[in-house]
Amino acid sequence: MANCLRTGSILKCSCGSAPCVLNVLPTAKVMAGLPVASVEDQKPFINIPTFVMCSSKQNPAVIAVIAAKAGTKAPCVPVTIKPWSPGSKHVMIGGKPAATGDSKTKCAWGGTIQVQEPGVKNIQVK
164 MANCLRTGSI LKCSCGSAPC VLNVLPTAKV MAGLPVASVE DQKPFINIPT
214 FVMCSSKQNP AVIAVIAAKA GTKAPCVPVT IKPWSPGSKH VMIGGKPAAT
264 GDSKTKCAWG GTIQVQEPGV KNIQVK
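In the working numbering, the protein residues as written are 164 to 289.
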């Protein structure tokens with residue numbers, strides 16, 4: 164079993180320089196006083212803000228910085244390309260599977276975004 168994701172869950176990207184905080188819009192189901200995420204809550208800047216700096220050599224901004232010999236990182240602009248996976252098999256949020264502490268998503272620039280701290284430790288789902 165895994166913990167539900169909610170507003171305040173801490174995320175990390177394999178290409179990012181710092182973690183960020185998940186934001187779930189208040190239209191979602193609420194547990195432990197905060198909105199809980201479905202697998203669809205992975206929209207850039209709405210749900211997933213920036214991981215500060217990106218080091219992916221697939222990112223055009225990073226390629227430009229390296230070409231200009233101005234460093235090896237560029238500001239992170241996440242481009243999530245698919246829902247969180249895996250989602251819960253039994254718990255639905257707005258008709259979609261709940262995202263859990265085991266869920267991951269991908270950035271178009273090659274980063275894997277995963278959960279560092281789910282935020283809800285007393286609510287577990289399958």
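Virtual Cβ for every residue (Gly too), placed ideally from N, Cα, C.
Source: prediction; values computed, not measured.
Review point. Are the region 173 to 190 and the region 227 to 235 touching, with three or more C-beta to C-beta distances below 8 Å?
Key: no
Review point. Which one or two residues does DSSP pair with alanine 261 in a beta bridge?
Key: Along the sequence shown, one-based indexing puts residue 261 at 98. According to DSSP, which records beta bridges pairwise, alanine 261 is partnered with Ser201.
**Study point:** alpha helix (DSSP H) segment containing alanine 227, residue limits
**Key:** One-based indexing of the sequence shown puts residue 227 at position 64. Where alanine 227 is concerned, the enclosing alpha helix (DSSP H) stretches over 223 to 230.
**Study point:** Beta-carbon separation (whole angstroms), glutamate 203 vs lysine 259, contact threshold 8 Å
**Key:** Counting from one through the sequence shown, the residue named residue 203 turns up at place 40. Counting from one through the sequence shown, the residue named residue 259 turns up at place 96. Right, the Cβ-Cβ distance comes to about 5 Å (below 8 Å), so this counts as a contact.
Check your understanding: Under the DSSP definition of a beta bridge, which residues are partnered with glutamine 279?
Key -> On the sequence shown, residue 279 is found 116 positions in, with the first residue counted as 1. For glutamine 279, which the question treats as bridged, DSSP gives no partner whatsoever.
Exercise for review: Kindly provide the ranges of any beta strand (DSSP E) runs that are 3 or more residues long and lie completely inside the region 232 to 256, ordered along the chain.
Suggested key: 248 to 256
Practice item. Could you tell me how far apart the beta carbons of valine 138 and alanine 261 are, in whole angstroms, since I believe they sit closer than 8 Å? Key: The chain is shown only over 164 to 289; residue 138 falls outside these bounds and no answer can be derived.
Exercise for review: Note the first and the last residue of the continuous beta strand (DSSP E) segment covering lysine 175.
Suggested key: Locating residue 175 in the sequence shown gives position 12, where the first residue counts as 1. Looking at the DSSP string, the run of the beta strand (DSSP E) that includes lysine 175 is 165 to 176.
Review point. Out of curiosity, what's the CA-to-CA distance linking lysine 267 and proline 182?
Key: Here the question's residue 267 lines up with position 104 in the sequence shown. Here the question's residue 182 lines up with position 19 in the sequence shown. Proline 182 has its alpha-carbon roughly 14 Å from the corresponding atom of lysine 267.
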